[in-house]
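Residue numbers (my numbering): 23 to 104.
Just so you know, even glycine gets a beta-carbon here, dropped at the ideal spot from N, CA and C.
Owing to the predicted nature of the structure, the values given are computational and were not obtained by experimental measurement.
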């Protein structure tokens, strides 16, 4: 029973990420960020940082838990703060 619940939660998380990615792609957020002068010199792309921060409230996670204390991210907390 617990495996089924975990599977459903994982599927819901994937579905949410897909919806957020589709939204950002449909409204060309990468182009908007670039046009607004939001760029990174090295490391993770600015769209990846923005997408991660943008999705935090939809996942029910605060900034500290989602960015600062998350070792699975491809970027560090300094990238999110800049």
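For residue 79, name the three-state secondary structure that DSSP assigns.
helix
Would you mind sorting residue 101 into buried or exposed? The rule is 16 or more other CB atoms within 10 Å of its CB.
buried
Can you list, in chain order, the residues of its chain whose CB lies under 8 Å from that of residue 96, leaving out five sequence neighbours each side?
Apart from sequence neighbours up to five positions away, the residues of its chain that approach residue 96 with a beta-carbon distance below 8 Å are 66, 70, ordered along the chain.
Once you ignore the five residues that flank residue 62 on each side, which residues in its own chain have a CB closer than 6 Å to its CB?
68
On a Cα-Cα basis, can you pick out the residue from 28, 33, 38 that is closest to residue 77?
38
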